[in-house]
Amino acid sequence: MTRPVTPPGEKHRLAAAKKLCELQTAALALGALAVARIDVRTPNPLNGIGAGSRIALSRQRKRQRQLAALVVRGALRGRAVLPCVVHVRRVAPSSGLDPHDSLPASLKSIVDGIADALGLASDRDARVRWVYAQRRGVPGEHAVEVEVWPMGEGSR
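When you line the sequence shown up against our numbering, it's residues 270 to 425, in that order.
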């Protein structure tokens with residue numbers, strides 16, 4: 270009897286899914302209002318536009334914003350959550366971006382989509398505090414994890 274062979278890419282996907290389930294369970298148990306994962310690459314836009322045109326880059330950002338809005342709206346399930354603290358965590362196999370300027374810049378389209386899902390005109394609304402983080406993922410894993418927490422005195 271032979272054992273089924275799991276393709277290498279599938280192993281990484283399963284490991285990422287397991288990690289997400291653990292994060293979701295822990296966050297929701299601690300009182301998070303919503304937890305979502307958006308499988309998307311978030312390159313550093315401060316490194317130039319690369320070989321692509323500005324039009325292609327604009328399309329990519331628009332798709333990321335729409336995807337983030339759709340996924341977070343689904344996770345919120347129509348609940349009113351303002352005021353809140355939104356944790357946005359970039360997951361990539363690399364060692365990470367500069368947390369001061371590159372990390373927020375790479376997540377800008379995602380943050381704009383989350384603001385859309387929350388019904389905000391801008392991500393500058395005082396009712397929302399944004400917290401940026403990043404973690405190393407398994408090889409081939411590119412995603413953004415979003416947690417929405419109620420804002421209180423002991424906000425995370």
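Don't be surprised by glycine CBs; every beta carbon is placed ideally from N, CA and C.
It should be emphasised that the depicted structure is a prediction, and the values quoted were computed from it without experimental measurement.
Cβ-based burial, residue i [other Cβ within 10 Å; buried from 16]
i, result
"VAL327", "Note on residue identity: the sequence assigns Ser, not Val, to residue 327. Exposed is the call here."
"ALA325", "exposed"
"ARG393", "exposed"
"VAL357", "buried"
"ALA384", "buried"
"ARG334", "buried"
"LEU376", "buried"
"VAL400", "exposed"
"LEU283", "exposed"
Short Cβ contact (8 Å threshold) for residue i with residue j
i, j, result
"ALA386", "ARG346", "no"
"GLN293", "VAL309", "no"
"LEU302", "VAL397", "no"
"GLU410", "ARG306", "no"
"PRO314", "PRO362", "no"
"LEU366", "GLN403", "yes"
"GLY406", "VAL360", "yes"
"GLY382", "LEU336", "yes"
Helix, strand or coil at residue i according to DSSP, with G and I counted as helix
i, result
"ARG398", "strand"
"ALA390", "coil"
"ALA349", "coil"
"PRO368", "coil"
"GLU410", "coil"
"PRO373", "helix"
Within the region 286-340, note down every full beta strand (DSSP E) run reaching 3 residues or more, in order along the chain.
303-307
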